[in-house]
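Report on the structure given below.
Protein chains: 2
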Amino acid sequence: MEFQKRVVLIEDDRELRDCYKLMIKSVDKYLFINAYDSCEEAFANISKDRPEIILMDIQLSGKISGIEGTKYIKLKHPHIEVVIITVYDDSELVFEALRAGASGYLTKSYNYLELVNSLDELTKGGAPMSAKIARMVINNFHSNPNSPLSEREKDVLKLIAEGKSYSQIADLLFISKETSKTHIKNIYSKLQVNSKSEAIELAKSKRYI
Amino acid sequence: MEFQKRVVLIEDDRELRDCYKLMIKSVDKYLFINAYDSCEEAFANISKDRPEIILMDIQLSGKISGIEGTKYIKLKHPHIEVVIITVYDDSELVFEALRAGASGYLTKSYNYLELVNSLDELTKGGAPMSAKIARMVINNFHSNPNSPLSEREKDVLKLIAEGKSYSQIADLLFISKETSKTHIKNIYSKLQVNSKSEAIELAKSKRYI
DNA sequence: TTGTTATACCGCAAAATGGGGGATATGATC
DNA sequence: GATCATATCCCCCATTTTGCGGTATAACAA
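In order, the protein sequence lines correspond to chains A and B. Counting in our numbering, the first sequence runs from 1 upward without gaps. Counting in our numbering, the second sequence runs from 1001 upward without gaps.
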């Protein structure tokens, strides 16, 4: 049937693989094409399988990790939606997977409804995420409301972080070069640092900007 | 009842206000405290109301916008969870709201289940988002797989964007200063620019890094 | 009244930058 | 086997930037 979404699964745990397979097969909207236990195998068959959605485990026994695999897929077949399924919710791993091009990130569960809802979310243009992941992703945006920097100083520091020089900042903010230098001196003194890189590092780690 | 979450609504459309009020009142888990049509009024009563969740419209008739209001709340009462409810899904507005400290972002709907599910998501530590918003947020992470830069060059450019000097980059990557200069020269030539700021600007706008 | 913010100026020595040149070694790709 | 991309390293040089030391004014808030 043409309206069905073609789904491929990459997961090296046999039990989980069978479980997901059953869940997907039971829904009309999705057409379960194949399951592989490594990216290598999946990629060898990708032209034949023509998946629209790939469910990808992140820790795989093969040479290619789920993150590397995601990068490869988005490079060669950008229209394919990759959803990560994993037990790991380490923040760096999550953000790496998203940077690699994943369209969703689910922490493993045998819950039937959760998986099907996630596929539905994806199909209607969403980005399925488990609750904890969603919070991590949102928190990534939050800036610290207790920044010691004034609004103007934040403006200046943001431009510093974009690689602008004092003179460029002056031009962009319609102030003199000396004023941008003064702002930067004040920023350094507030943050107790004495170079651009330290200021950027501290401000980013504490989310002052 | 102590287990109930205290909810305050800030919304200046009377019809929507009544609608949300009814929805929230109908669920045992949530205690509808009050509805206001401006941040000013809500803030005047915040110590009395002691809300744990604030549902906030983004375009308000008062002087304080929903985004300003969110900033204020997260500054003075960081434990309060703010969820934005709005008709607008302009990407800059969404990201501004999230940077301001919002824990969720819902595009308005009179759908009962959607609202209650969202509050439940929030309560269990998630970040409720409408499908389209979730995708916008995730897309914000995606890096361009067609970057002309090599992995090493990306490493170098990322450090440039952190304000590091050639010598600092050399130390961090365990290469000589001359090598970092060579990488940067190659980056400039690939991106057709000739300064740090141009390289950062172009690379960020095209998501090369 | 004191403090913060935003603006502006001067001088100076050290550091960084951007451009020019050239070099070697390792892979992959053709 | 030739070519290309990548990653590493070196030299020179003029110009700009940076960081630090000052000082100063005007607005506004606590």
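Note that the Cβ used here is the ideal one computed from N, Cα and C, for glycine as well. It should be emphasised that the depicted structure is a prediction, and the values quoted were computed from it without experimental measurement.
Residue i to residue j span [Cα, whole Å]
| i | j | result |
| --- | --- | --- |
| Asn144/A | Ser38/A | 41 Å |
| Glu52/A | Glu81/A | 6 Å |
| Leu159/A | Lys185/A | 15 Å |
| Ala203/A | Glu162/A | 13 Å |
| Ser1191/B | Gln1059/B | Before going further, note that residue 1191/B is Leu rather than Ser in the sequence given. Roughly 40 Å between the two C-alpha positions. |
| Leu55/A | Val7/A | 7 Å |
| Arg273/A | Phe32/A | Chain A is shown only over 1 to 209; residue 273/A falls outside these bounds and no answer can be derived. |
| Gln4/A | Ile1010/B | 42 Å |
| Ile1024/B | Ala1042/B | 18 Å |
| Leu1157/B | Asp155/A | 22 Å |
| Glu198/A | Ser47/A | 48 Å |
| Lys1181/B | Ile1169/B | 9 Å |
| Phe174/A | Ser167/A | 10 Å |
| Lys164/A | Ser205/A | 20 Å |
| Val193/A | Thr1086/B | 41 Å |
| Leu93/A | Ser176/A | 43 Å |
| Asp28/A | Ile1067/B | 43 Å |
| Thr1179/B | Glu201/A | 23 Å |
| Ala1131/B | Tyr1088/B | 14 Å |
| Ile64/A | His1079/B | 42 Å |
| Met129/A | His1183/B | 38 Å |
| Ser1091/B | Gly69/A | 29 Å |
| Lys196/A | Ser1195/B | 17 Å |
| Ser1109/B | Asp171/A | 45 Å |
| Leu16/A | Ser26/A | 15 Å |
| Tyr30/A | Tyr1030/B | 37 Å |
Under 8 Å between C-beta atoms of residue i and residue j
| i | j | result |
| --- | --- | --- |
| Ser218/A | Ile1138/B | For chain A, the structure presents residues 1 to 209; residue 218/A sits outside this window and is missing. |
| Glu40/A | Gly62/A | yes |
| Ser1147/B | Tyr1188/B | no |
| Arg14/A | Phe1141/B | no |
| Ala127/A | Arg1135/B | yes |
| Ile1073/B | Thr1107/B | no |
| Tyr1112/B | Ile1084/B | no |
| Lys21/A | Ala35/A | yes |
| Gly101/A | Lys71/A | yes |
| Asp1012/B | Asp1057/B | yes |
Residue range of the alpha helix (DSSP H) that includes residue i
| i | result |
| --- | --- |
| Met1129/B | Element bounds for Met1129/B: n/a, residue is neither H nor E. |
| Ile1160/B | Glu1151 to Ala1161 |
| Ile1046/B | Ile1046 to Asp1049 |
| Ile209/A | No alpha helix (DSSP H) contains Ile209/A, which DSSP labels as neither H nor E. |
| Asp89/A | That residue, Asp89/A, is in no alpha helix (DSSP H); it is neither H nor E in DSSP. |
| Asn1186/B | Lys1177 to Leu1191 |
| Ser167/A | Tyr166 to Leu173 |
| Ser1109/B | Taken as a continuous stretch (DSSP letters only), Ser1109/B belongs to no alpha helix (DSSP H), as it is neither H nor E. |
Residue i, enclosing beta strand (DSSP E) - first and last residue
| i | result |
| --- | --- |
| Glu1081/B | Glu1081 to Thr1086 |
| Ile1053/B | Ile1053 to Asp1057 |
Residue(s) in a DSSP beta bridge with residue i
| i | result |
| --- | --- |
| Gly62/A | DSSP lists no partner for Gly62/A. |
| Lys5/A | Tyr30/A |
| Gly1104/B | Val1083/B |
| Ile10/A | Tyr36/A and Met56/A |
Is there contact here, the stretch 1108 to 1124 of chain B with the stretch 115 to 125 of chain A, by at least three beta-carbon pairs under 8 Å?
no
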